[in-house]
Amino acid sequence: MRNVMHKGELFGTILLDTITNKSHLYGIGSLEYLKGEILIIDGKPYVSSVITDTAMKVEENWKIKAPFFVYANIEKWTKIDFPDSIQTIPQLGIFLENISENQQRPFTFKMNATVQSGDIHIVNLPKGTEVHSPEEAHQEQRNYPIDNEQAEMIGFFSTEHQEIFTHHDSYVHIHLITNDQKKMGHLDKVMLKKGTVQLFLPE
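Heads up, this note's numbering is the position in the sequence shown plus 709, with the first residue counted as 1.
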């Protein structure tokens with residue numbers, strides 16, 4: 710991610726179709742040249758791209774490249790008791806940090822929940838744009854609201870990989886897809902509906 714945000718290396722460095730083990734594969738990243746978002750859930754690759762300020766396209770496609778991509782193969786998950794008091798991304802980050810003090814990091818997590826309110830974005834960099842900072846990388850991105858929708862979220866947690874696969878100000882990087890598969894993108898903020906959240910960590 711640092712090479713993209715600060716060095717402007719927007720070209721695809723990994724062709725997703727060349728990942729040999731796609732069984733129980735989970736991953737997140739951006740489409741090459743920052744023209745969309747990528748999410749893989751249990752071996753299914755979803756790609757979202759901007760159509761208009763209020764519409765997006767979500768499709769399944771392996772024939773894509775990413776400038777950065779983080780992934781893991783996870784066959785079995787363990788459900789974690791999740792307090793109703795946790796509803797936002799910062800609260801989730803603190804919770805994951807606390808419960809993983811004696812566990813291996815980094816790690817993948819997944820969540821199913823009703824999103825009371827939230828925002829996702831899709832990067833949509835104009836062709837030929839040069840990037841030298843995170844702000845430039847996110848120019849022209851499109852933001853889409855998520856309101857009272859069922860969704861699945863895949864995230865990666867680490868305290869040591871900021872600007873590698875999490876942003877500089879966070880220990881988590883999360884992509885969300887609605888259950889109807891009509892919306893997918895990078896999760897910027899969220900208010901989770903109490904009593905609906907299921908959190909899973911790898912066994």
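Every residue, glycine too, gets a C-beta built ideally from N, C-alpha and C.
Residue i burial status per 10 Å Cβ neighbour count (16 or more: buried)
i           : result
residue 810 : exposed
residue 893 : buried
residue 891 : exposed
residue 754 : buried
residue 904 : exposed
residue 867 : buried
residue 741 : buried
residue 792 : exposed
residue 776 : buried
residue 855 : buried
residue 808 : exposed
residue 760 : exposed
residue 864 : buried
residue 837 : exposed
Top-ranked residue by Cα proximity to residue i, from the options
i           : options               : result
residue 735 : 729, 743 and 749      : 749
residue 780 : 766, 738 and 805      : 738
residue 756 : 767, 890 and 762      : 767
residue 817 : 806, 825 and 826      : 806
residue 732 : 725, 776, 783 and 758 : 783
residue 906 : 759, 820 and 836      : 820
residue 888 : 866, 904 and 861      : 861
residue 902 : 854, 831, 826 and 909 : 826
residue 851 : 725, 764 and 730      : 764
residue 830 : 909, 898, 719 and 724 : 898
residue 858 : 849, 900, 908 and 911 : 900
residue 751 : 762, 769, 743 and 758 : 769
N- and C-terminal bounds of the beta strand (DSSP E) containing residue i
i           : result
residue 796 : Where residue 796 is concerned, there is no enclosing beta strand (DSSP E), given that its DSSP letter is neither H nor E.
residue 759 : 753-759
residue 719 : Counting along the chain, residue 719 falls outside any beta strand (DSSP E), and DSSP gives it neither H nor E.
residue 739 : 734-739
residue 904 : Counting along the chain, residue 904 falls outside any beta strand (DSSP E), and DSSP gives it neither H nor E.
residue 840 : No beta strand (DSSP E) contains residue 840, which DSSP labels as neither H nor E.
residue 780 : 778-782
residue 856 : 851-866
residue 746 : 746-750
residue 819 : 816-831
residue 810 : Counting along the chain, residue 810 falls outside any beta strand (DSSP E), and DSSP gives it neither H nor E.
residue 766 : 765-769
residue 885 : 881-887
residue 788 : 786-789
Nearest-angstrom beta carbon gap, residue j and residue i [assumed within contact, 8 Å]
i           : j           : result
residue 835 : residue 849 : 6 Å
residue 747 : residue 896 : Going by Cβ atoms, the distance from residue 747 to residue 896 rounds to 14 Å, so no, they are not a contact pair.
residue 723 : residue 778 : 5 Å
residue 795 : residue 909 : That pair is no contact at about 15 Å.
residue 880 : residue 802 : 5 Å
Check: residue i C-beta below 7 Å from any heavy atom of the ligand MG
i           : result
residue 881 : With respect to small molecules bound, the structure shown includes none, and the ligand MG cannot be examined in it.
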